[in-house]
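**Q** Got a structure for you, written out below as structure tokens; questions coming shortly.
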Amino acid sequence: MRIAVISDIHGNCFALDVILADLRQQEVEQIVCLGDAIQGGAQPAQTVQRLRELHCPVVMGNADAWLLTGQDTSPLEQASEGQLAVRAWSLTQLSEDDQAWIAGFQPIIDISLETDKKLFCFHGSPHSFDDILLPDTPEEEFQRLLGGFDAVLMTGGHTHTQQLRRIGDASWYLNPGSVGLAYNWRLPDDQFHADPWADYAIVTMQEGRIGVEFRHVPFDVDELIRMIRTSGKPDAENALKMYRQPDG
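The sequence shown maps to residues 1 to 248 in the numbering used here.
Right, dumping it as structure tokens:
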């Protein structure tokens, strides 16, 4: 069995389409999305349409919930004026049916890999879509958030950071990275820039053997910039600053 794990599209259907083109060559049987699918990018409606066409399960992310309610859920992520403007614009792009579909995202999704093996899917952690798990998260906190669950593989997004980390004797945590906004989490704020590729992962289970493959799929940054500029998205020029590479 081969499952593609995608996350944090953030309304970037351009990057999602790059991933889907790559996936057509990978012979996967199922796709699961770990949330933060719609809010933030220049193509919210197109992203909804593409995900609905895939008929894949989608986890509720913090940005998805904020898009629908406008209520901040974490003191670490207070909305800026620019983000509020993008949210208001995004809602004008989405039909009532689109918004009802987003409201149906689930906090946790279980996928059976084999008879006694599960893939446990969430956004931040099983406890909250706001929880942050990074490669340097202290072991005690890591185990508090992920320990005690009956799954051979647990997978979450939220931090846009590809990682694989052991939880216990026979279980692992996987983050597939971000489709719509991949970046180096170690960069200081004054050097921040987005990567010119989309990230995802493929999980393979065959006769008790588990495989994890991380994939980086490059895209045409100039075409993405053109798309953002012509989208009508508020605060577009500030968004484009993320794609200015340090040497450019």
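Don't be surprised by glycine CBs; every beta carbon is placed ideally from N, CA and C.
Per DSSP, methionine 205 is paired with what?
**A** Answer is Ile210.
**Q** I'd like to confirm the pairing. Which residues does DSSP put opposite histidine 216 in its beta bridges?
**A** Paired residue(s): Asp199.
**Q** State the DSSP-derived secondary structure class of leucine 51, mapped to helix, strand or coil.
**A** In this structure, leucine 51 counts as helix in the three-state DSSP scheme.
**Q** For methionine 154, which of helix, strand or coil comes out of DSSP?
**A** DSSP places methionine 154 in strand when its eight states are reduced to three.
**Q** Excluding five sequence neighbours on each side, which residues of the same chain lie with their C-beta closer than 7 Å to the C-beta of aspartate 109?
**A** In the sequence under discussion, the amino acid at residue 109 is isoleucine, which differs from the aspartate named in the question. If we look at isoleucine 109 and ignore the five residues flanking it on each side, its Cβ neighbours are Val32, Pro57, Val59, Cys121.
**Q** Alpha carbon to alpha carbon, how far is aspartate 169 from histidine 216? Give it in angstroms, no decimals.
**A** Their backbone Cα atoms lie some 29 Å apart in a straight line.
**Q** Could you pull the start and end residues of the alpha helix (DSSP H) that isoleucine 102 belongs to?
**A** Where isoleucine 102 is concerned, the enclosing alpha helix (DSSP H) stretches over 96 to 103.
**Q** How about leucine 20 and alanine 4: are their beta carbons less than 7 Å apart?
**A** Taking 7 Å as the Cβ cut-off, leucine 20 and alanine 4 do not qualify as a contacting pair.
**Q** Would you please state the rounded distance, in angstroms, between the beta carbons of serine 268 and glycine 35? I believe it to be under 8 Å.
**A** Residue 268 lies beyond the range of the chain shown here (1 to 248); nothing can be said about it.
**Q** May I have the straight-line CA-CA distance separating glutamate 81 from glutamate 53, to the nearest angstrom?
**A** C-alpha separation (whole angstroms): 33 Å.
**Q** What distance in whole Å lies between the Cβ atoms of threonine 47 and alanine 37, which are believed to be in contact at a cut-off of 8 Å?
**A** About 6 Å; that satisfies the 8 Å criterion.
**Q** Can you list the beta strand (DSSP E) stretches of 3 or more residues lying completely in the segment 112 to 193, in chain order?
**A** Those beta strand (DSSP E) runs which fall completely within the segment 112 to 193 and span 3+ residues are 117 to 121, 153 to 155, 163 to 166, 172 to 175.
**Q** If you reduce the DSSP assignment to three classes, tell me which class glutamine 78 lands in.
**A** Correct three-state label for glutamine 78: coil.
**Q** Classify methionine 154 as buried or exposed, calling it buried when 16 or more other Cβ atoms lie within 10 Å of its own Cβ.
**A** When all chains shown are included, methionine 154 counts as buried.
**Q** So what does DSSP say about cysteine 56, is it helix, strand or coil?
**A** Cysteine 56: coil per DSSP, three-state reduction.
**Q** Run through DSSP, which three-state label would glutamine 83 get?
**A** In this structure, glutamine 83 counts as helix in the three-state DSSP scheme.
**Q** Comparing alpha-carbon positions, which option in Ile102, Ala236, Gln99, Arg166 lies nearest glycine 143?
**A** Inspection of the sequence shows that residue 143 is occupied by glutamine rather than by glycine. Among Ile102, Ala236, Gln99, Arg166, the Cα nearest to that of glutamine 143 is on Arg166.
**Q** Closest by CA to proline 135, which one among Leu68, Val221, Ala151, Asn184?
**A** Cα-wise, what sits closest to proline 135 is Asn184.
**Q** Is it the case that the Cβ atoms of proline 176 and proline 196 are separated by a distance below 7 Å?
**A** Contact flag unset, no.
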